[in-house]
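Trainee:
Protein chains: 2
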Amino acid sequence: MMVTAARTYGVRRNSGRNGMSSRQPFGANKPRRDRQGTDQPERQHGSQQGQRPQRSYQGQNGFSHSGQRSRGRKRFHQASSTTGAQEADVLRIIPIGGCEEVGRNMTVFEYGNDIIILDIGVQFPEEDMPGIDYIIPNTKYLEGKEDRIRGAIFSHGHLDHIGGAPIVLEKLGNPPIVARPLTLALIKHRQEDYKKGTASKLKIINVKNLNDVVQLGAFKVRFFQVEHSIMDSMGVILETPNGTIIHPGDWTMERDEQGVTHLNYHHLSQLPRPTFLLLESLGATNSKRHGTYQEMYNNLQTILSQAPGRVVLATFSSQVERVKWILQASSSLGKKVALDGYSMKMNIEISKELGYIDIPKGVLIDIKEIDRYPDNKVVVVCTGAQGEDRAVLNRITVGDHRFVKLRKNDTVIFSSSIIPGNERSIQRLKDNIYRQCDNVVHGDLMDVHVSGHGTRQDILDMLDQVRPDYFVPVYANHYFLKEAKNLAVQHGFQPDRVFVPDNGSVIEVRKDGVKMLEKKVPSDYVFVDGLGVSDSQHIVLRDRQVLAEDGMVVVIATVHSKTGKLAQNPDIISRGFVFLKDNKEIIEGIRNKVKKLVIESDPLTWTDTNQIKNEIRDKIGQFVLSKTDKRPMVLPVVIEV
Amino acid sequence: MMVTAARTYGVRRNSGRNGMSSRQPFGANKPRRDRQGTDQPERQHGSQQGQRPQRSYQGQNGFSHSGQRSRGRKRFHQASSTTGAQEADVLRIIPIGGCEEVGRNMTVFEYGNDIIILDIGVQFPEEDMPGIDYIIPNTKYLEGKEDRIRGAIFSHGHLDHIGGAPIVLEKLGNPPIVARPLTLALIKHRQEDYKKGTASKLKIINVKNLNDVVQLGAFKVRFFQVEHSIMDSMGVILETPNGTIIHPGDWTMERDEQGVTHLNYHHLSQLPRPTFLLLESLGATNSKRHGTYQEMYNNLQTILSQAPGRVVLATFSSQVERVKWILQASSSLGKKVALDGYSMKMNIEISKELGYIDIPKGVLIDIKEIDRYPDNKVVVVCTGAQGEDRAVLNRITVGDHRFVKLRKNDTVIFSSSIIPGNERSIQRLKDNIYRQCDNVVHGDLMDVHVSGHGTRQDILDMLDQVRPDYFVPVYANHYFLKEAKNLAVQHGFQPDRVFVPDNGSVIEVRKDGVKMLEKKVPSDYVFVDGLGVSDSQHIVLRDRQVLAEDGMVVVIATVHSKTGKLAQNPDIISRGFVFLKDNKEIIEGIRNKVKKLVIESDPLTWTDTNQIKNEIRDKIGQFVLSKTDKRPMVLPVVIEV
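Line by line, the protein sequences are chains X and U. In terms of numbering that gives the first Met the number 0, the first sequence has 582 at position 583, counting the first letter as 1, and numbering is strictly consecutive. In terms of numbering that gives the first Met the number 0, the second sequence has 610 at position 611, counting the first letter as 1, and numbering is strictly consecutive.
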């Protein structure tokens with residue numbers, strides 16, 4: 000396996016920022032000029048690796064209004080894809096998860112004999128998947144190809160990008176993992192949680208500097224700065240002989256109050272062509288103005304300084320910078336901060352170890368100690384803003400927290416957005432908190448959160464700056480991907496240069512053309528629950544759904560095999576169906592029906608009990624349906640003694 | 000039971016509008032002057048009925064900035080509530096449902112020996128209530144008081160206001176029902192669906208004219224025009240000797256593009272005081288501008304006239320006026336309209352019968368016939384915009400509809416808001432439709448719906464116009480009610496004049512004071528599922544939740560009662576737990592454990608099987624947990640033969 004971590008550039012630009020927050024320092028740095036400077040020589044290095052059709056695509060892009068360039072583009076696009084080119088020369092882009100949902104993001108890139116992976120996330124289960132812990136990407140396509148996997152790159156440390164790593168990496172023979180320091184630390188932590196003592200065995204390529212270049216087989220991998228709601232997020236560039244993939248991971252464009260952005264992606268328009276922009280498009284229907292960090296911090300400052308009692312602030316545990324800000328602001332106000340929630344404490348601990356966060360002396364207290372301070376000197380920062388049952392905020396709210404009970408003059412802040420699907424849980428949590436405190440602050444009322452996802456305007460700006468040849472919206476539900484396409488097309492992008500993939504779609508890039516294949520690779524749900532990973536979970540899940548809906552009835556008939564007579568009255572057990580104490584006629588009805596069925600079938604003629612069991616299942620099912628309008632699962636047990 | 004439908008006014012004002020749409024005609028009608036004219040004489044009539052403290056409260060309200068009136072108000076408010084007044088003189092306001100959720104709206108008003116009810120709605124089940132059809136208001140408080148119920152008033156015909164009527168009215172001895180014609184027609188229809196032939200037995204007081212006055216026991220009931228998303232919505236005024244209740248039901252303030260409202264509620268400030276404004280407050284956090292009907296109709300007109308193929312428009316079946324508009328617009332464009340969905344067809348049929356809707360000749364076609372017309376001449380109006388499984392739009396989308404399959408050039412319009420809780424289903428539906436058609440239009444992209452609920456601004460305008468003495472936000476989750484309170488208080492309303500009730504709260508209005516009691520009346524969920532209404536459903540539901548989460552294991556041990564030996568190997572049946580074929584060791588483990596437990600317990604010493612069953616349940620539960628990290632329901636069956 001050829002894996003190198005070549006550092007091409009002697010001069011480390013922006014070295015003061017390596018691994019640090021993407022946020023504040025950027026306004027002044029004019030990254031556009033920087034990037035052009037670094038990209039230019041690299042393009043020439045890159046050309047040693049293969050026959051890039053550089054002349055035709057130089058300066059190309061997918062916009063139809065760039066008139067003078069249309070000839071070359073057209074030729075590339077319309078060329079036959081049934082060329083005699085060896086499979087070795089084909090680049091395949093295969094999003095395995097994350098194109099039909101928010102979560103389980105994973106994309107496979109294949110060129111000749113080399114495979115690399117971007118992100119291995121989890122998806123949280125839908126409401127019709129009871130008992131499922133989470134869903135991981137389906138890696139059936141990679142079975143048997145393990146020795147061709149050159150590495151797995153992680154764009155950032157959110158669970159929908161790294162959560163599936165421990166299970167999937169193990170399945171795939173533990174390829175090297177490539178990420179920035181915080182992302183690596185979070186992956187290692189998750190690995191340890193999965194199997195103790197295994198984190199140290201991970202093969203790691205630490206992207207300490209975004210100018211690092213990593214060669215993974217035929218792929219020359221480079222990185223670029225993006226803005227997202229967790230430190231150490233990075234965009235990824237994959238140069239191959241057939242074209243260059245640009246993938247910002249999750250991203251937004253932070254803007255000041257005048258709407259001016261901090262970052263500029265123009266440097267990505269200078270990469271070897273054709274370029275493919277794979278763009279996370281969750282904000283494709285969001286035409287709102289961005290909240291700014293300045294507004295958010297101003298609002299939080301006001302709340303912190305004016306709160307009549309304690310402040311309880313719930314946010315995503317990955318919002319390390321926000322927590323850092325709160326620690327500093329609280330310190331200046333003479334307040335103490337208690338962190339609570341496993342992932343919250345863990346993320347801050349990891350960030351501290353990495354030197355990403357500097358905690359003012361004396362500000363941090365243990366959650367156990369909060370009652371030693373006056374209420375208006377206490378700030379609790381915790382997890383659970385999504386209404387998760389077992390997270391801190393919910394435990395506080397339902398009175399299950401050992402050290403924090405809500406008080407009338409507490410101020411509770413939801414510094415988070417609502418992840419789609421969590422609306423009901425959050426509603427329930429809010430109702431409960433409003434019942435106990437007078438001061439509740441959330442996004443409906445005040446900007447106390449800044450989203451980490453680009454809006455429609457951001458998507459347009461990204462397209463204008465990167466000017467890719469091909470646009471592939473990814474990392475959201477299909478509906479958002481289609482709207483991203485519509486947006487691009489309305490903006491002048493050629494519709495046949497946009498590919499909207501499903502999970503498992505294969506985009507094939509040959510020297511003479513690009514197409515998305517009809518055939519898809521497997522991408523069915525792979526469920527993880529208590530026992531581990533299983534494909535058979537589909538069956539188990541279907542049973543759970545039936546049981547949840549109408550419950551079940553177990554019917555037990557005991558038959559003397561010698562006489563063919565019933566040894567005793569049939570036993571009827573039911574759960575989740577109807578309350579049998581209130582419905583004695585039904586139970587009697589079932590019992591009589593079973594007796595009749597068994598006797599009429601003449602047990603002495605049975606070869607096995609399958610037929611009578613089927614009959615009981617059908618007839619009792621019909622009987623119960625006619626009496627109750629319900630379809631419980633009927634489980635017949637016939638015992639011969 | 001004293002029930003009269005007195006018509007106080009000889010002159011029927013606005014008679015051309017009785018029962019008609021609240022929408023267009025209002026701009027020109029200056030309702031404010033009208034109402035003052037009609038309210039004035041009525042107040043004097045009303046004073047025959049009891050000692051209203053009219054002098055002290057004349058012109059009063061709950062705003063603390065109305066300085067010169069503060070003396071009288073203060074006296075009323077601070078007076079002792081432990082006066083010797085007879086219980087007969089007490090007015091009780093008891094919201095039984097609808098104050099902790101959106102749905103099962105029902106409020107009880109009690110004065111002396113007389114009880115009246117406003118609205119009897121259903122609530123749709125939460126995701127953790129599998130198999131439940133719906134939830135109805137808990138009427139335990141009214142048990143034994145049936146002969147004191149003078150009537151049930153229905154503000155409008157939405158299911159969260161009328162859906163519980165058939166079951167609850169029957170329980171309550173079928174009191175007379177009071178509503179406008181469309182509401183009555185919808186209640187009758189639901190009654191027939193519940194029990195055939197019973198609708199004609201309903202005792203009906205038809206509010207044909209909003210100037211009608213209905214005397215229900217001590218309550219003088221009057222009505223006023225409101226705007227909401229179903230025809231024949233009305234506000235209700237209940238005059239009692241202790242004060243006047245003002246309840247708009249569900250409401251909004253329609254505005255033109257300049258933000259000017261069509262209706263004005265100033266006339267309600269002239270009612271006998273003290274006045275209590277019970278205000279539906281679902282929009283208490285909504286600070287957006289209203290979309291206007293003009294914008295919506297313009298957008299729909301553009302879509303209808305430009306659609307390249309068929310148009311499929313999904314909306315709430317109660318949007319009769321919108322359907323009416325579509326029928327007219329389609330007719331002018333030479334298009335045909337097919338209605339689909341039981342409730343959609345039923346609502347239009349009922350509205351036609353009542354003369355509320357006039358269908359242009361030849362425009363309506365049967366859904367079966369759509370393929371006889373060119374695609375761009377076909378409009379389908381259907382139910383299912385909330386992503387409901389069995390509704391038309393979902394059936395079309397999943398390919399389950401007999402006559403409609405989606406085509407690439409169809410245009411699908413979601414002319415609806417998202418009812419909280421339906422986000423995931425709608426997301427799934429949209430994803431599915433975007434996969435099949437190029438043109439999908441919904442609220443994220445264009446105003447194709449106007450909401451029927453008031454915004455923050457509307458709530459403030461309502462308070463300013465009505466100037467109530469007391470403000471009681473209702474008909475939404477607690478969180479919205481609290482925010483409505485906060486809004487009012489920020490606006491100058493006295494906090495101690497606002498009551499935020501829970502379900503079951505009792506607001507007691509005595510001549511000398513108002514308070515909300517600590518003690519509540521019962522308001523627990525009453526579930527309706529296949530079998531009917533049952534309190535025991537709580538137990539059944541808990542079982543379903545356990546079954547859904549981790550499934551179940553049935554363990555069957557058959558013992559020879561004479562020898563104390565196992566007659567055969569124990570049977571193990573499991574569903575929804577783990578896939579047993581993949582987990583043979585677990586099944587073997589359970590089997591061996593059961594054998595051991597039974598033999599060790601020495602069956603010859605058993606008096607009954609309860610002890611051994613408990614032991615099997617505990618020990619197998621522990622064993623399974625240790626092996627799988629799951630807690631399935633363990634059901635032990637011990638058969639002695």
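Yeah, the Cβ is synthetic: ideal placement off N, Cα and C, and Gly gets one too. Fair warning: this is a prediction, and the values are worked out from it, not measured in the lab.
For tyrosine 133/X, which of Tyr524/X, Ser286/X and Phe315/X has the nearest alpha-carbon?
Mentor: Closest by alpha carbon: Tyr524/X.
Trainee: Does DSSP put tyrosine 469/X in a helix, in a strand, or in coil?
Mentor: The answer is strand: DSSP assigns tyrosine 469/X an E or B state.
Trainee: At the level of alpha carbons, what is the spacing between leucine 332/X and threonine 301/X?
Mentor: Cα to Cα, leucine 332/X sits roughly 11 Å from threonine 301/X.
Trainee: Does the beta carbon of glycine 58/X sit closer than 9 Å to a beta carbon anywhere in chain U?
Mentor: Because glycine 58/X carries a pLDDT of 42, less than 50, the predicted location of this residue cannot be relied on, and the following value inherits that uncertainty. Not one chain U Cβ lies under 9 Å of glycine 58/X.
Trainee: How is the beta strand (DSSP E) around threonine 274/U delimited, first residue to last?
Mentor: 274-279 is the span of the beta strand (DSSP E), which, as asked, contains threonine 274/U.
Trainee: Can you tell which of Arg147/U, Tyr193/U, Glu100/U and Gly111/U has its C-alpha closest to the C-alpha of aspartate 159/U?
Mentor: The residue with the shortest Cα to Cα distance from aspartate 159/U is Glu100/U.
Trainee: Could you tell me whether any Cβ in chain U is nearer than 9 Å to the Cβ of aspartate 446/X?
Mentor: So no, aspartate 446/X is outside the interface.
Trainee: CB-CB under 6 Å to aspartate 607/X, same chain, minus the five flanking residues each way: which ones, in chain order?
Mentor: No residues qualify anywhere along the chain.
Trainee: Using DSSP with H/G/I as helix, E/B as strand and the rest coil, what is alanine 4/U?
Mentor: Below a pLDDT of 50, predicted positions are generally treated as unreliable, and alanine 4/U, at 33, falls in that range; the measurement from the model is reported next regardless. Looking at alanine 4/U - three-state DSSP - the assignment turns out to be coil, as it is neither helix nor strand.
Trainee: Return the chain-ordered list of same chain residues with a C-beta closer than 8 Å to the C-beta of glutamine 35/X, the five sequence neighbours on each side being excluded.
Mentor: A caution first: glutamine 35/X carries a pLDDT of 35, below 50, which makes its placement in the model unreliable, though a value can still be read off. Cβ within range, chain order: His265, His266 and Gln269.
Trainee: What are the residues of the region 123-136 of chain X that lie near chain U, defined by any Cβ-Cβ distance shorter than 9 Å?
Mentor: Listed by position along the chain: Glu125, Glu126, Asp127, Pro129 and Gly130.
Trainee: I'd like to know if aspartate 409/U contacts chain X, where contact means its C-beta is closer than 9 Å to some C-beta of that chain.
Mentor: So, not an interface residue.
Trainee: Give the straight-line distance between the Cα atoms of aspartate 418/X and glutamate 238/U, rounded to the nearest whole angstrom.
Mentor: Checking the sequence shown, residue 418/X turns out to be isoleucine, not aspartate. Going by the C-alpha atoms only, they are around 46 Å apart.
Trainee: Step through the CB atoms of chain U and report whether any lies within less than 9 Å of the CB of proline 240/X.
Mentor: Answer no: the Cβ-Cβ gap between proline 240/X and chain U never drops below 9 Å.
Trainee: With 9 Å as the threshold, decide whether the Cβ of glutamine 50/X is near any Cβ in chain U.
Mentor: Note that glutamine 50/X scores a pLDDT of 39, beneath 50, so its modelled location is shaky; the value from the coordinates is reported in the next line. Chain U contact via Cβ: absent.
Trainee: Short check: CB of phenylalanine 153/X to CB of isoleucine 176/X, under 9 Å?
Mentor: Result yes, Cβ atoms of phenylalanine 153/X and isoleucine 176/X sit closer than 9 Å.
Trainee: Expressed to the nearest angstrom, what Euclidean distance is found between the alpha-carbon atoms of valine 167/X and phenylalanine 578/U?
Mentor: In a straight line, the C-alpha of valine 167/X is about 21 Å away from that of phenylalanine 578/U.
Trainee: Note down the Cα distance separating aspartate 511/U from arginine 394/U, rounded to an integer number of angstroms.
Mentor: Straight-line Cα distance between these residues: approximately 59 Å.
Trainee: With lysine 484/X as the anchor, note down where its alpha helix (DSSP H) starts and where it stops.
Mentor: It spans 477-489 - the alpha helix (DSSP H) in which lysine 484/X sits, taken as one unbroken run.
Trainee: Between histidine 477/X and chain U, is there a C-beta pair that is closer than 9 Å?
Mentor: Interface residue, yes.
Trainee: Identify the residues that DSSP records as bridge partners of isoleucine 236/U: which are they?
Mentor: For isoleucine 236/U, which the question treats as bridged, DSSP gives the partners Arg221/U and Ile245/U.
Trainee: Under a Cβ-count criterion, where at least 16 other Cβ atoms within 10 Å of its own Cβ denotes burial, should leucine 516/U be classed as buried or exposed?
Mentor: Leucine 516/U comes out exposed.
Trainee: What does a CB cutoff of less than 6 Å around arginine 309/U pick up in its chain, not counting 5 residues either side in sequence?
Mentor: Excluding sequence neighbours, arginine 309/U sits near Asp374, Val377 and Asp409.
Trainee: Buried or exposed: arginine 103/X, going by 16 or more other Cβ atoms within 10 Å of its Cβ?
Mentor: With 16 or more other Cβ atoms within 10 Å, it is buried.
Trainee: Does glycine 588/U come out as helix, strand or coil in the three-state DSSP assignment?
Mentor: Three-state result, glycine 588/U: helix.
Trainee: Please determine, among Pro467/U, Ala475/U, His477/U and Arg509/U, the residue with the shortest C-alpha to C-alpha distance to phenylalanine 492/U.
Mentor: The residue with the shortest Cα to Cα distance from phenylalanine 492/U is Pro467/U.
Trainee: By DSSP's criteria, lysine 514/U is part of a beta bridge. Which residues make up the other side?
Mentor: DSSP lists Glu507/U as partners of lysine 514/U.
Trainee: In whole angstroms, what is the alpha-carbon distance linking valine 403/X and tyrosine 296/X?
Mentor: Valine 403/X and tyrosine 296/X: Cα-Cα distance of roughly 25 Å.
Trainee: What residue range does the alpha helix (DSSP H) around phenylalanine 622/X cover?
Mentor: First-last of the alpha helix (DSSP H) with phenylalanine 622/X: 609-627.
Trainee: Does any C-beta atom of chain X lie closer than 9 Å to the C-beta of phenylalanine 62/U?
Mentor: By this cut-off, phenylalanine 62/U is not an interface position.
Trainee: Kindly indicate the opening and closing residues of the beta strand (DSSP E) around lysine 335/X.
Mentor: Note, lysine 335/X: beta strand (DSSP E), 335-339.
Trainee: Using C-beta distances below 6 Å, list every residue in its chain close to valine 488/X, excluding the 5 sequence neighbours before and after it, in chain order.
Mentor: Cβ neighbours of valine 488/X beyond the five flanking positions: Pro494.
Trainee: Go ahead and pull the three-state DSSP assignment for tyrosine 433/U.
Mentor: It is helical.
Trainee: So the beta strand (DSSP E) arginine 574/U belongs to, where does it begin and stop?
Mentor: Where arginine 574/U is concerned, the enclosing beta strand (DSSP E) stretches over 570-574.
Trainee: So glycine 570/U contacts chain X; which residues on that side make the cut at Cβ distance below 8 Å?
Mentor: Rather than glycine, the amino acid found at residue 570/U in this sequence is aspartate. Those within 8 Å of aspartate 570/U in chain X are Val636 and Ile638.
Trainee: Would you report the Cα separation of isoleucine 115/U and lysine 629/X, rounded to the nearest angstrom?
Mentor: For isoleucine 115/U and lysine 629/X, the distance between alpha carbons rounds to 36 Å.
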